[in-house]
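K.L.:
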Amino acid sequence: MARRSDRRGVMGELGAADPLERSARFWLRAYPRRWRAAFGDDLVGVLSEISAAGTVRVPAREAAAIVQGGWALRLREHPPLLRWLGYRFFERRLPERYQHWVADDILGRFWFTRYMSAVNAMSMVGVLGYFWLFSSVDPAVAVDTVAMMYPSMIGMSVLLGGALSIPRRRKAWQRHIAPEVPWMLLSERDRYRTVREARGA
Amino acid sequence: MATAFRMTRQSYLILLALAGQERQHGYAVIKLVSELSDGDVTLGAGTLYGNIDRLLDAGLVETAGEEVVGGRQRRYYRATADGADLALAETRRLAELAARAETILGARPGGTPIPRPWPGAAGPALGSV
Chain A
1 MARRSDRRGV MGELGAADPL ERSARFWLRA YPRRWRAAFG DDLVGVLSEI SAAGTVRVPA
61 REAAAIVQGG WALRLREHPP LLRWLGYRFF ERRLPERYQH WVADDILGRF WFTRYMSAVN
121 AMSMVGVLGY FWLFSSVDPA VAVDTVAMMY PSMIGMSVLL GGALSIPRRR KAWQRHIAPE
181 VPWMLLSERD RYRTVREARG A
Chain B
1 MATAFRMTRQ SYLILLALAG QERQHGYAVI KLVSELSDGD VTLGAGTLYG NIDRLLDAGL
61 VETAGEEVVG GRQRRYYRAT ADGADLALAE TRRLAELAAR AETILGARPG GTPIPRPWPG
121 AAGPALGSV
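Read top to bottom, the protein sequences are chains A and B.
Quick note on my numbering: the first sequence kicks off at 1 and runs consecutively.
Quick note on my numbering: the second sequence kicks off at 1 and runs consecutively.
1. Below 8 Å between beta carbons: does that hold for residue 68(A) and residue 177(A)?
2. Does the distance from the CB of residue 15(B) to the CB of residue 86(B) come in under 8 Å?
3. Which chain B residues are close to residue 68(A), counting only those with a beta carbon under 8 Å from its beta carbon?
4. Would you say residue 195(A) touches the ligand ATP, meaning its beta carbon is less than 7 Å from a heavy atom?
5. Tell me the residue span of the beta strand (DSSP E) that contains residue 73(B).
6. Tell me which residues share the same chain as residue 96(A) and place their Cβ nearer than 7 Å to its Cβ, disregarding the 5 neighbours each side in the sequence.
7. Would you say residue 39(A) reaches chain B, if we count a Cβ-Cβ gap shorter than 8 Å as a contact?
8. Less than 8 Å between the C-beta atoms of residue 19(B) and residue 83(B), yes or no?
9. Cutting at 8 Å between CB atoms, please list the residues of its own chain near residue 205(A), excluding the five before and the five after it.
10. So what does DSSP say about residue 18(A), is it helix, strand or coil?
11. Should the stretch 19-38 of chain B be called in touch with the stretch 71-79 of chain B, which here means at least 3 C-beta pairs below 8 Å?
12. At the 8 Å Cβ level, is residue 94(A) part of the contact set with chain B, yes or no?
13. Note down the Cα distance separating residue 150(A) from residue 199(A), rounded to an integer number of angstroms.
14. In whole angstroms, give me the CA-to-CA distance for residue 87(A) and residue 93(A).
15. What separation, rounded to the nearest whole angstrom, lies between the Cα atoms of residue 6(A) and residue 53(A)?
16. Would you tell me roughly how many angstroms separate the C-alpha atoms of residue 29(A) and residue 23(A), rounded to the nearest one?
17. Using DSSP bridges, identify the partner residues of residue 100(A).
18. Let me check understanding here. Comparing Cα to Cα, which of 54(B), 101(B), 43(B) lies closest to residue 49(A)?
19. Find the nearest neighbour of residue 72(A) within the set 101(B), 52(B), 39(B), judged by alpha-carbon distance.
20. In three-state terms, what does DSSP make of residue 67(B)?
21. Is it the case that the Cβ atoms of residue 58(A) and residue 75(A) are separated by a distance below 8 Å?
22. Go ahead and pull the three-state DSSP assignment for residue 61(B).
23. Quick one: using the 10 Å Cβ neighbour count with 16 as the cut-off for buried, is residue 115(A) buried or exposed?
24. Would you please verify whether the beta carbon of residue 75(A) is less than 8 Å from any beta carbon of chain B?
25. Go through its chain and collect everything with a Cβ distance to residue 13(B)'s Cβ below 7 Å, but skip five positions before and after it.
26. Tell me which same chain residues have a C-beta within less than 8 Å of the C-beta of residue 184(B), skipping the five on either side of it?
27. Let me confirm a value: residue 72(B) is counted as buried when at least 16 other C-beta atoms fall within 10 Å, else exposed. Which label applies?
28. Excluding the 5 residues flanking residue 60(B) on each side, which residues of the same chain have their C-beta closer than 7 Å to its C-beta?
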């Protein structure tokens with residue numbers, strides 16, 4: 001059977017526009033970003049080598065195996081519930097073996113939303129406690145109010161996440177991972193300084 | 001960090017493929033697994049990497065360098081000492097199971113002797129697989 005890899009160009013490369021590669025990279029999102037950076041090309045290359053010529057889409061069984069593998073990895077690396085609650089709600093540092101998961105979490109697209117969900121949940125618990133202890137407001141009304149406020153606060157954090165999240169992410173990285181932060185978490189001024197120092201050296 | 005490892009047929013065959021002298025890349029592992037299983041097991045890329053992840057996590061397999069071949073990064077893998085030990089232990093366990101099965105089935109009335117694919121009771125040495 002003719003293999004797909006037989007039909008590659010002179011350099012044997014598959015461009016980003018290759019439909020099979022695009023399809024594979026879509027399913028690869030099941031894996032954490034860090035894993036994709038390390039092993040993604042490798043998996044796409046193997047998939048291309050074993051696929052029959054003319055294949056433009058990852059077959060369903062293969063896609064299911066990729067998704068299963070990706071989520072199995074995510075679940076294996078996920079901290080247990082109590083440790084996760086401590087990390088998410090009280091900013092407790094997780095043991096070393098969860099550092100990869102923490103790094104993925106902080107660099108993840110919706111980190112600010114996850115962070116603000118926890119902060120907002122803590123605030124709401126505080127507000128409810130206040131009403132319950134010190135106010136004559138009907139508890140049912142207080143719960144309704146909080147239930148209405150919570151989604152709107154989450155929505156705000158989604159809208160503002162892009163602009164506000166970098167300094168927060170940087171602090172989280174320094175607290176949970178290491179004092180040195182990755183390039184994407186540096187401020188403009190720090191990036192400029194880093195480049196200037198590198199040129200000077 | 002080594003963790004408890006659930007050995008499946010696929011992970012056993014992958015571990016065997018990586019337990020030889022040579023480091024192997026993903027496509028070679030798929031071909032070796034097919035040869036080892038006499039064509040019974042054909043791994044897809046997703047299944048291969050799902051198993052390699054588990055083997056890496058358990059400290060049974062390690063990465064062994066990478067090369068750029070045909071404009072694409074190709075990563076190599078090999079079994080660690082723990083991985084080779086586990087492959088050997090699993091091979092012995094399967095050989096002992098096969099020997100017990102042979103005893104039971106051979107004792108049936110009118111049963112025919114089961115031809116062995118290898119000489120001896122304990123099965124082949126790991127290096128010869």
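Cβ atoms here follow ideal geometry from the backbone N, Cα and C, with glycine treated the same way.
P.N.:
Reading off the structure:
1. At least 8 Å separates the beta-carbon of residue 68(A) from that of residue 177(A).
2. Contact annotation: residue 15(B) and residue 86(B) have beta-carbon atoms nearer than 8 Å.
3. Ordered by position in chain B, the residues that pass the 8 Å Cβ test against residue 68(A) are 46, 50.
4. The ligand ATP is not part of this structure, which contains no ligands at all.
5. Boundaries of the beta strand (DSSP E) harbouring residue 73(B): 72-79, taken from the DSSP string.
6. Closer than 7 Å at the Cβ level, and outside the excluded window around residue 96(A), lies no residue.
7. Yes, residue 39(A) lies at the interface with chain B (some Cβ there is under 8 Å from its Cβ).
8. Their beta carbons are under 8 Å apart, which means residue 19(B) touches residue 83(B) by this criterion.
9. This structure gives no information on residue 205(A), because the portion of chain A shown stretches from 1 to 201.
10. Residue state, collapsed to three classes: coil.
11. The way I'd put it, the stretch 19-38 of chain B does touch the stretch 71-79 of chain B; three or more beta-carbon pairs between them come closer than 8 Å.
12. No, because no Cβ of chain B sits closer than 8 Å to the Cβ of residue 94(A).
13. Straight-line spacing of the CA atoms in residue 150(A) and residue 199(A) works out to 48 Å.
14. Residue 87(A) and residue 93(A) have their alpha carbons spaced roughly 6 Å apart.
15. Residue confidence for residue 6(A) is low, a pLDDT of 45 falling below 50, so the modelled location carries little weight; the figure read from the coordinates is stated next. One C-alpha to the other measures close to 8 Å.
16. In a straight line, the C-alpha of residue 29(A) is about 11 Å away from that of residue 23(A).
17. Per DSSP, none; premise fails for residue 100(A).
18. Proximity to residue 49(A) across 54(B), 101(B), 43(B) peaks at 43(B), based on C-alpha coordinates.
19. The option with the nearest alpha carbon to residue 72(A) is 52(B).
20. Residue 67(B) carries a strand assignment under DSSP once its states are collapsed to helix, strand and coil.
21. The Cβ atoms of residue 58(A) and residue 75(A) lie no closer than 8 Å to each other.
22. Strand, per DSSP.
23. Residue 115(A) should be labelled buried.
24. Taking Cβ atoms only, chain B never reaches closer than 8 Å to residue 75(A), which makes this a no.
25. Taken in chain order, the residues that qualify are 33, 36, 37, 41.
26. This structure does not reach residue 184(B), given that chain B is present from 1 up to 129, and the question cannot be answered.
27. Here residue 72(B) is buried: its Cβ has 16 or more other Cβ atoms, across all protein chains shown, within 10 Å.
28. Excluding sequence neighbours, residue 60(B) sits near 5, 15, 79, 80, 82, 83, 86.
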